[in-house]
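K.L.:
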Amino acid sequence: MRVRLIPRFALAIVAALLLCNSSAFAGTIYVFNANEPDVAKGLAGTFFDARFYLDQNSQPIESTHELLPGQGTALYVPDGASSAFLDVPPGFFATYIDPFTGEAYRGIAPSSTGVVGVTPVMTYADSDTNTLRVTNTMSPTADLQVNFIPISGIDSISYTASLGPYETLQLHAPENFFGSAVLDGGGQPVAVTNQFSGEGNAAVGGFATEAQEVAIPTIPHDTNGFTSNIYVQNLGSDSTGVTVNYYGEDGTSLGTSNYGLCGNQGFVTSSYSSPQGAAQAVVTSSDQPIAVTVKSTNNDGDDAFAFQGVPESDASKLVCFPGVFNAFMGETTLISIRNSGGSEADVDITIRKQDGSVAVFWGETIPAGGSTVVDLSSIEELPSGFAGIAFIESDQDIVCVGITRDADGNSFAYEGGPLTSRKRDAVSTLVFPAVSSSPYEAIEELIQEYASKDNDLDCFIQALGVK
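In mature numbering (1 follows the signal peptide of the UniProt record, and there is no 0), the protein residues as written are -26 to -1, 1 to 441.
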């Protein structure tokens, strides 16, 4: 693609298409078929199904799409839709991004046990408030129990509710609450998102895992004015000891912090408490599963992003990000990579266009237990205005987080993930309990801003979904 200034008449055409097409630009689900052609021959196929739900009583908006190996696509949220389901074959990955709200999170594989942990949970009238959206992922009605556990670990508050087939329920903790939550679908698989509002918008998925060792690939601190809080929750019913292990980029241990937690209790620690030079961390529990969330906020309190810690058991030799950007409307992605293996890692990074063709390829070397940050703005071969896919392959297990931000106070982050099951004919359901379309005034503002930048028109139209 060649880089050029977009003519005003072209922008007018794009604007007309956008404003006449009610679903042309919205919150976006980026989907990527990460299979290589020779691998895909032995797997289930290239088609996937999407379902968008407006409410419990309406029929879903359904569609079927094909993605060839190495290709990506963007699904735009229809007007009025509030949740989404993707049924994807092996080797697919998907994430939701809405740059206008600052929300981004991976597609959620429903918990087989029906139990999901959420941290943090806050309800303050003058600052942060968390909204929990829980989706029943199957057709039988689910008997939902919600326990809000204060930071003290005592006097939890419980609620019960019935969730109809594929219904999504919105929940808030009681006023002036600070702590965490556990949601139990009564054996029915549920999916949960935790949305932040107040001091910067963000979103993460609920934690539905038995992990006792969770990695934090990056700890933003004094980076472009951002500092971080690390929230940890004991997902088990018994007391446990939790240790936060801090490491430098070279994998050197820089110190530990130890905490004792009652059943389902959580705690928070700040990046200000991290040892000097700490670039990453691993949180371990003695014998109970844990959840970890990192929220980073700028000094003005008007911009934030959040991401989950990644279970070390999810470390993979192949990780992808379906949506990465280089100066796309001023937004640029940084990818933090942690080497979870015991030896030096040779890491290959491929940035692809949405059509699957390779935009740029290069290698990185990461020490055992070390980490690195890849800034896409430093890659000369990537044109300004690029939106595409990152494909990261290593000879050691790695965990990754991508952070996208711009100079105007808009940021979002999400975890790179291992592929869905490679078992032949296996189909995985990925759930998005919180999706939304974007207001037209935001689209107009975006187009006007784009008119003053050197960007690629084809890339712009593709990223906006104008065919």
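Note that beta-carbon positions come from the ideal geometry of N, C-alpha and C, so glycine has one too.
Because the structure is a prediction, the values reported are computed rather than measured.
#1: When the Cβ atoms of the stretch 253 to 272 are set against those of the stretch 202 to 214, are three or more pairs found closer than 8 Å?
#2: For M96, which option in T115, P73 and I123 has the closest C-alpha, if you only look at C-alpha atoms?
#3: State the beta-bridge partners of V164 as determined by DSSP.
#4: Measuring only the C-alpha atoms, how far is V120 from V156?
#5: Helix, strand or coil: how does DSSP classify Y233 here?
#6: Which of helix, strand or coil does DSSP assign to E389?
#7: Report the rounded CA-to-CA distance for Q254 versus S227, giving the unit in angstroms.
#8: Measure the alpha-carbon distance for I82 versus G275 and round it to whole angstroms.
#9: Using DSSP with H/G/I as helix, E/B as strand and the rest coil, what is Y98?
#10: I'd like the ranges of any beta strand (DSSP E) spanning at least 3 consecutive residues and lying wholly in the stretch 310 to 343.
#11: If we count the other Cβ atoms within 10 Å of its Cβ and call it buried at 16 or more, is P148 buried or exposed?
#12: How far does the beta strand (DSSP E) with Y140 in it extend, from its first residue to its last?
#13: Enumerate in chain order the residues of its own chain whose CB-to-CB distance from Y4 is below 7 Å, with the five nearest sequence positions on each side excluded.
#14: Starting from D23, trace the beta strand (DSSP E) in both directions and tell me its first and last residue.
#15: Taking only three categories from DSSP, how would you classify S171?
#16: Using alpha carbons as the reference points, say which of S410, G376, Y140 and L42 lies closest to P34.
#17: Please state the DSSP three-state secondary structure of E286.
#18: Put S352 into one of helix, strand or coil per three-state DSSP.
#19: With a 10 Å radius around its C-beta and 16 neighbouring C-beta atoms as the bar for buried, classify V92 as buried or exposed.
#20: Which class does S410 belong to by DSSP, given the choice of helix, strand or coil?
#21: From F181, I125 and A58, pick the residue whose C-alpha is nearest to that of S85; which is it?
#22: Do I377 and A361 have their C-beta atoms closer together than 7 Å?
#23: Which partner residues of Y246 appear in the DSSP bridge assignment?
#24: Could you tell me the boundaries of the beta strand (DSSP E) in which N219 lies?
#25: Beta-carbon within less than 7 Å of S248's beta-carbon, same chain only, minus the 5 sequence neighbours each way: which residues are those?
#26: Specify whether the stretch 128 to 136 and the stretch 182 to 191 touch according to this definition: at least 3 beta carbon pairs, one from each stretch, less than 8 Å apart.
#27: Reducing DSSP to helix, strand and coil, say where D117 ends up.
#28: For the beta strand (DSSP E) that G362 lies in, which residues bound it at each end?
#29: Rounded to the nearest angstrom, how far is the Cβ of V108 from that of T142, given a contact under 8 Å?
#30: For G391, count neighbouring Cβ atoms within 10 angstroms of its own Cβ and tell me buried if that reaches 16, exposed if not.
#31: Is the Cβ-Cβ distance between D320 and D369 less than 7 Å?
#32: Can you tell me which residues form a DSSP beta bridge with P124?
#33: What's the gap between the Cα of C374 and the Cα of S32?
#34: Taking the alpha carbon of H39 as the point to measure from, which residue in Y50, L28, S317 and F22 has its own alpha carbon closest?
#35: Give the range of the beta strand (DSSP E) segment to which V51 is assigned.
#36: Does the beta-carbon of Y79 have 16 or more other beta-carbons within 10 angstroms, so that it is buried, or is it exposed?
P.N.:
So, from the data block:
#1: yes
#2: I123
#3: N110
#4: 6 Å
#5: strand
#6: strand
#7: 10 Å
#8: 28 Å
#9: coil
#10: 319 to 326 and 332 to 340
#11: exposed
#12: Per DSSP, Y140 belongs to no beta strand (DSSP E) and is neither H nor E.
#13: G46, A48, A68, T69, I71, P296 and G297
#14: F21 to Y27
#15: strand
#16: Y140
#17: helix
#18: helix
#19: buried
#20: coil
#21: F181
#22: no
#23: None; Y246 has no bridge partner.
#24: T214 to Y221
#25: I193, H195 and Y220
#26: no
#27: strand
#28: F360 to R379
#29: 7 Å
#30: buried
#31: yes
#32: G153
#33: 38 Å
#34: F22
#35: Neither: V51 is in no beta strand (DSSP E) and is coded neither H nor E.
#36: buried
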